[in-house]
Every structure is written in C-alpha cells, then in structure tokens.
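Per my numbering, numbering through the sequence shown is continuous, rising by one, with the last residue being 765.
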Amino acid sequence: QQQQQNITQSQTDLDVVQKKLDEQQKILAEREQSLKKRQADVDQLEIQLQQAIKQAQGTSATTTAATAAEVEAKTKQIQQQQLEIDKLRKRCTDLEKEKQKLEQELRKSREEAKIIQTELERILKIMSTMEEEKFSLNKQIQDLQQ
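Right under this line is the structure:
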C-alpha cells in the first residue's frame with residue numbers, strides 16, 4: 620500500500636513536471652515569436668532610417684533651398700528613429716537572454732521528468748516482483764495446506 624502511494628505520488632510529480640515543461644515550451648514559443656517581430660521592426664526602422672538619410676542627402680545635394688528648420692526636423696526624426704532602433708535592439712537582446720534562460724529551465728525540467736520516470740519504472744518493477752513473490756508464497760501455503 621505504501622508503495623502504491625509512492626507510485627501515485629511519483630506519477631503526480633511526473634504530471635506536475637510535464638505540465639511545467641509544457642508551460643515553459645509555450646512561453647518559449649511566445650518569446651521567440653515576439654523576438655522575431657521585434658527583429659522585423661528593427662529591420663524596418665533601419666530601412667526607413669537609410670531611406671531618410673538618402674532622401675536628406677539627395678535633397679541637400681539637389682537643392683540648396685531647403686530651410687534649416689526642415690533639415691533640423693529631419694535630423695531629429697532620424698535621431699528618434701535611431702533611438703527607437705537602439706531600444707528595440709536592447710529589447711531583442713533581453714528577449715534572447717530570457718529565451719536562453721527558459722531553454723535551460725526546459726532542459727532541467729526534462730531531466731527531472733526523466734529521473735522521475737526512471738524512479739517510477741523502478742518502483743513498478745519492485746512492486747511487480749513483490750506481487751510475484753506474494754503469489755508464490757500463497758501457492759506454497761495452499762500446497763502445504765493440502
């Protein structure tokens with residue numbers, strides 16, 4: 620009976636670890652998708668920045684009639700875009716670190732699940748052996764009673 624409780628507890632522990640593993644995999648997938656989206660945003664902003672720089676260079680090269688206010692406004696816009704790109708890069712780096720941490724936790728959970736599964740199999744084997752011994756003893760008792 621005690622062994623049956625141990626098996627039940629081990630199975631419960633295994634279920635908990637499996638659920639935790641599934642949750643971590645879901646979180647990891649969400650973070651990876653978020654990271655990809657952020658990276659696409661960074662790429663898009665870089666393209667816009669390059670276009671703005673080319674446009675500003677083209678404008679200044681072709682016309683000298685541009686006012687200082689327009690140039691200053693474009694410069695500010697470019698600086699703001701560069702700041703946004705820097706923020707997104709930092710966020711991407713942070714998400715990558717978090718992804719690595721979650722992957723490590725996932726590996727650890729898988730190892731724990733494997734250990735619990737091995738222990739459960741060992742306990743089941745012991746119980747099976749005990750049942751066989753019990754059956755054998757009962758048969759011997761019956762034979763002796765006859």
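All C-beta atoms, glycine included, are put in the ideal place defined by N, C-alpha and C.
Applying the 10 Å Cβ sphere with the 16-neighbour rule, what's the burial state of LEU702?
For the purposes of this step, residue 702 is identified with residue 83 of the sequence shown, where counting begins at 1. Per the 10 Å Cβ criterion, exposed.
Look at the alpha carbon of GLN667 and the alpha carbon of GLU730, and state the distance between them as a whole number of angstroms.
Indexing the sequence shown from 1 puts residue 667 at position 48. Indexing the sequence shown from 1 puts residue 730 at position 111. Near 46 Å, if we compare the C-alpha coordinates of GLU730 and GLN667.
When you compare only the Cα positions, how much space is there between LYS716 and GLU691?
On the sequence shown, residue 716 is found 97 positions in, with the first residue counted as 1. On the sequence shown, residue 691 is found 72 positions in, with the first residue counted as 1. Their Cα atoms are separated by approximately 37 Å.
Rounded Cβ spacing between ARG708 and VAL661 (contact assumed at less than 8 Å)
Indexing the sequence shown from 1 puts residue 708 at position 89. Indexing the sequence shown from 1 puts residue 661 at position 42. That belief holds up - the Cβ atoms of ARG708 and VAL661 are roughly 6 Å apart, short of 8 Å.
Where GLN628 and LYS639 are concerned, what is the direct C-alpha to C-alpha distance, given to the nearest angstrom?
For the purposes of this step, residue 628 is identified with residue 9 of the sequence shown, where counting begins at 1. For the purposes of this step, residue 639 is identified with residue 20 of the sequence shown, where counting begins at 1. Taking the straight line joining both Cα atoms gives about 16 Å.
Grouping DSSP H, G and I as helix and E and B as strand, with all else coil, what is THR737?
For this step, residue 737 is matched to residue 118 along the sequence shown. The answer is helix: DSSP assigns THR737 an H, G or I state.
For ILE646, which residues of its own chain have a beta-carbon under 8 Å away from its beta-carbon, when the five flanking residues on both sides are left out?
The residue given as residue 646 occupies position 27 in the sequence shown. Result list for ILE646: LEU721, in chain order.
Alpha carbon to alpha carbon, what distance is there between ARG710 and GLN699?
Here residue 699 refers to the residue found at position 80 of the sequence shown. Here residue 710 refers to the residue found at position 91 of the sequence shown. For GLN699 and ARG710, the distance between alpha carbons rounds to 16 Å.
Of the residues LYS733, ILE626, ILE704, the one placed nearest ASP663, counting alpha carbons only
Mapped onto the sequence shown, residue 663 falls at position 44. Note on identity: in this sequence residue 663 is Gln, with Asp being the wrong assignment. Of the listed residues, the one whose Cα sits closest to GLN663 is ILE704.
Can you tell me which of the three DSSP states GLN765 falls into?
For the purposes of this step, residue 765 is identified with residue 146 of the sequence shown, where counting begins at 1. Correct three-state label for GLN765: coil.
Whose C-alpha, out of ARG650, LEU654, ILE697, is nearest the C-alpha of GLN674?
To locate residue 674, count along the sequence shown from 1; it is residue 55. The option with the nearest alpha carbon to GLN674 is ILE697.
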